Amino acid sequence: MSEQAKPNTDTASPDTASSETGSRGTVLVTGAAGYIGSHTCIELLGNGYNVVGVDNFDNSERVVLERIAELAGRPISFVELDIRDTEALRTVVTDHSPTSVIHFAGLKAVGESVEFPEKYWSVNVGGTLSLLDAIAGSDVATFVFSSSCTVYGDPAEVPVTETTPVAPISPYGRTKLAAERAIADHLSTRDCGGFLLRYFNPVGAHSSGRIGEDPVGVPNNLMPFAMQVAVGRRESLAVFGNDYDTADGTCIRDYIHVVDLAQGHVAALQAAQKSSCDVVNLGTGRGSSVLDVVNAASEAVGTPIPYEIVDRRAGDAAVIFADTTKATELLGWQADRTMVDMCRDHWAWQSQNPNGYQ
Ligand code: NAD
Ligand code: UFG
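Read in order, the letters of the sequence shown are residues 242 to 599 in our numbering.
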């Protein structure tokens with residue numbers, strides 16, 4: 242492993258004049274208690290925003306709110322609700338007068354979306370329409386949406402740019418694309434600008450290890466599964482195929498540290514222009530194979546993570562990673578944490594919280 246770890250600086254250069262006061266205005270954060278939402282709340286508070294969070298705790302725990310306050314030094318306002326409850330959302334908008342929205346709330350398990358597509362259309366698309374309805378006529382001037390590189394499906398060419406054709410191959414991906422289009426159409430009708438951020442593979446955790454990803458049940462994703470093996474919750478990692486056309490035969494992805502991702506949202510809020518709604522990839526531009534990740538995670542843990550090679554998983558693209566030029570140009574942002582950082586911080590979280598938030 243040649244990458245060097247970067248120092249732990251989870252809150253990037255907060256503007257001290259405004260970081261205590263929330264003078265940059267209030268951001269409505271949907272899905273604030275979730276994995277990416279919680280890390281983003283900390284960055285927002287540290288950069289001078291107030292936050293009003295909403296979540297129904299479908300895939301998160303209330304204790305996260307206390308940990309956000311502990312890490313940021315001040316709390317967020319919070320209302321428990323389902324984003325499909327438009328009236329409840331409208332009340333939040335009336336009571337807190339947000340000037341920006343970051344919309345994380347949604348369902349994200351690809352396999353579950355194949356089994357229960359209606360649930361995904363209801364929450365991811367119905368929930369987004371409800372949110373757009375609730376902010377109509379409000380002072381919200383900036384809207385940032387959590388989309389996914391899953392909208393590109395299995396791209397013919399890498400790196401993936403924002404003009405790579407979209408071709409989602411799961412109900413999850415189709416609902417993210419439909420939500421993107423609903424948001425773009427909504428923003429075009431009013432004096433509001435924003436970004437549709439297509440994330441690559443978020444991993445890692447706040448460097449304190451106090452918040453992190455806490456998947457319900459058996460993890461679908463590589464890093465949480467590997468770390469649960471390391472902490473003794475599972476016996477061995479199944480590596481899905483080593484016969485791909487890649488250097489070591491395993492699939493290649495663009496893993497991005499969740500704190501870099503969270504900081505990308507702050508950059509997006511600050512870069513948003515009225516009446517424009519751009520799609521932007523958020524990744525590192527670097528591809529790592531499954532075995533690269535297993536080796537880096539083993540280094541971080543200090544002992545080899547046992548794994549076995551099994552058959553390919555249906556629907557996996559062989560290689561996907563981002564072209565990050567547009568993010569740098571439009572947001573003035575780039576991810577700079579390394580795979581070493583990602584594994585160290587994910588392990589800090591997993592080892593301190595072997596059973597997640599339980
Ligand atoms: P997460 O499940 O940790 O967070 C989502 C939050 O939304 C949870 O706290 C959940 O309780 C909440 N929520 C779900 N349904 C809701 C509803 N009806 N009303 C109110 N709250 C609701 O997931 P995450 O990893 O933080 O992902 C956040 C967003 O980023 C999602 O929209 C996801 O599609 C997108 N995304 C995630 C990844 C990833 O790999 N983690 C990759 C690309 C895009
Ligand atoms: N993998 C394994 N074993 C596991 C889990 C994953 O070998 O137990 C492999 C997969 O086959 C793949 C790679 O590790 O080659 C990454 O898999 P993940 O499930 O961690 O991530 P994906 O790239 O498949 O997709 C995830 C989410 C999508 C999201 C995408 C981009 O599932 O919803 O990241 O953010 F869109």
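Note that beta-carbon positions come from the ideal geometry of N, C-alpha and C, so glycine has one too. Remember, predicted model here, so these are calculated numbers, not experimental data.
Going by C-alpha to C-alpha distance, which of the options sits closest to residue i?
i      : options                        : result
Arg308 : Ala273, Ser341, Asp486         : Ala273
Val480 : Gly473, Val472, Asn461         : Asn461
Asn365 : Cys390, Asp557, Ala420         : Ala420
Cys584 : Gly505, Gly445, Gly526, Thr566 : Gly445
Ser363 : Ala425, Pro406, Pro412         : Pro412
Glu353 : His280, Val457, Asp552         : Val457
Gly347 : Arg451, Ser389, Pro316         : Ser389
Gly394 : Ile550, Phe441, Glu302         : Phe441
Asp489 : Gly473, Ala310, Val560         : Val560
Thr335 : Leu269, Leu306, Ser477, Arg415 : Leu269
Val613 : Pro595, Asp557, Arg325         : Outside the displayed span of the chain (242 to 599) sits residue 613, for which this structure offers no information.
Met580 : Ser592, Gln599, Gly526         : Gly526
For residue i, which residues does DSSP report across the bridge?
i      : result
Gly571 : Checking the displayed sequence, the identity of residue 571 turns out to be Leu instead of Gly. Its beta-bridge partners do not exist; DSSP assigns none.
Gly435 : Phe384, Cys518
Pro443 : Ile497
DSSP three-state label for residue i, please.
i      : result
Gln599 : coil
Ile497 : strand
Leu348 : coil
Val366 : helix
Ala559 : coil
Tyr485 : coil
Val304 : helix
Val295 : strand
Ala310 : helix
Thr491 : coil
Ile277 : helix
Ile452 : coil
Val480 : strand
Val268 : strand
Ser341 : strand
Arg475 : coil
Ala423 : helix
Arg585 : helix
Val459 : coil
Phe357 : coil
Thr565 : coil
Gly378 : coil
Ala576 : coil
Ser429 : coil
Please list the segments of the alpha helix (DSSP H) lying wholly inside the region 380-417, counting only runs of 4 or more residues, in order along the chain. none
Entirely within the region 314-338 and at least 3 residues each: give me those beta strand (DSSP E) ranges in chain order. 318-321
Start-end ranges of the alpha helix (DSSP H) lying completely within the region 493-554, minimum 4 residues: 499-512, 531-542
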